[in-house]
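Colleague:
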Amino acid sequence: AQSVSQHNHHVILSEAASLELGCNYSYGGTVNLFWYVQYPGQHLQLLLKYFSGDPLVKGIKGFEAEFIKSKFSFNLRKPSVQWSDTAEYFCAVNARAGGSYIPTFGRGTSLIVHP
Amino acid sequence: DGGITQSPKYLFRKEGQNVTLSCEQNLNHDAMYWYRQDPGQGLRLIYYSQIVNDFQKGDIAEGYSVSREKKESFPLTVTSAQKNPTAFYLCASSPRWMNTEAFFGQGTRLTVV
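As they're listed, the protein sequences go chains A and B. Under the numbering used here, the first residue of the first sequence is numbered 28, with each subsequent residue one higher. Under the numbering used here, the first residue of the second sequence is numbered 2, with each subsequent residue one higher.
(1) Among all the DSSP beta bridges, which residues are the ones paired with K15 (chain B)?
(2) Go to T21 (chain B), then tell me how far its beta strand (DSSP E) extends in each direction, as first and last residue.
(3) Would you please verify whether the beta carbon of N100 (chain B) is less than 8 Å from any beta carbon of chain A?
(4) Which residues of the region 32-50 of chain A have a Cβ closer than 7 Å to any Cβ of chain B? Give them in chain order.
(5) Looking at the structure shown, is S100 (chain A) part of a helix, part of a strand, or coil, going by DSSP?
(6) Determine the DSSP secondary structure at I61 (chain B), reduced to helix, strand or coil.
(7) Can you give me, in chain order, the residues of the region 24-50 of chain B that have a beta carbon less than 9 Å from any beta carbon in chain A?
(8) What did DSSP end up calling A62 (chain A) once you bin it into helix, strand or coil?
(9) Any idea if L48 (chain A) is buried or exposed, counting beta-carbon neighbours within 10 angstroms, 16 or more meaning buried?
(10) According to DSSP, is S45 (chain A) helix, strand or coil?
(11) Would the region 82-94 of chain A and the region 15-27 of chain B be scored as touching if the rule is three or more Cβ pairs under 8 Å?
(12) Under the assumption that F94 (chain A) contacts V84 (chain A) (Cβ atoms under 8 Å), give the Cβ distance between them as a whole number of angstroms.
(13) Which chain A residues are close to G106 (chain B), counting only those with a beta carbon under 7 Å from its beta carbon?
(14) With a Cβ-Cβ cutoff of 8 Å, do R110 (chain B) and Y11 (chain B) count as a contact?
(15) Excluding the five sequence neighbours on either side, which residues of its own chain have a C-beta within less than 6 Å of the C-beta of Q57 (chain B), listed in chain order?
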């Protein structure tokens, strides 16, 4: 079965610090990877996704992620965080199920950015 | 506006009572999902449905039931058999045959009192 592991459960940073959140997945076939973000009081929304091609994916609000197939990783990065990046971040993979795709999530990382 | 609507936003239930959470979407998606979100545990799949009149158990289906009588609607019932029902519940949808992202509602916070 496909699974997703996120290594950092709680991260606290000051504004302008760099961010990297780890994500590893287990799946032997073609994989599509996602990062979702949940801002306080808001619904879960897509931050970025990787399907194929350039392994460096750029998303909204200056976030990017790098797909490293040999390491089964899809780490999220941002060079300089802002207070408004305070949120919960989820890495996800779509697991195959009878021809359909079921979103499967990691445990999430709570990011707090101090002004 | 296309999207997913969950209601109510907050729900209180007495122990031993069943309660139904509503989820409606107007995105014309075939697939719909229910997740439970607990601190430090991420999103765990309760049930999913890929087509009308069909649904499958997810990883933590015990104590829950669903129905899918219409494409737009996928209500979740939390029964009295669910031992620890207090949680945040998220409904999502996606196109069935496309390996793409899911779209989420605002969630329902259920508290058992």
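Beta carbons are placed, not taken as given, at the ideal position from N, Cα and C, and that holds for glycine.
Modeller: Straight from the coordinates:
(1) DSSP output for K15 (chain B) lists no bridge partner at all.
(2) V20 to Q26
(3) Interface annotation, N100 (chain B): in contact with chain A, CB-CB separation under 8 Å.
(4) H36
(5) strand
(6) In the structure shown, I61 (chain B) falls within a coil segment according to DSSP collapsed to helix, strand and coil.
(7) D31, A32, Y34, Y36, Q38, P40, G41, Q42, G43, L44, R45, L46 and Y49
(8) In the sequence under discussion, the amino acid at residue 62 (chain A) is Trp, which differs from the Ala named in the question. For W62 (chain A), the three-state secondary structure derived from DSSP is strand.
(9) buried
(10) coil
(11) no
(12) 7 Å
(13) H70
(14) yes
(15) Excluding sequence neighbours, Q57 (chain B) sits near Y49.
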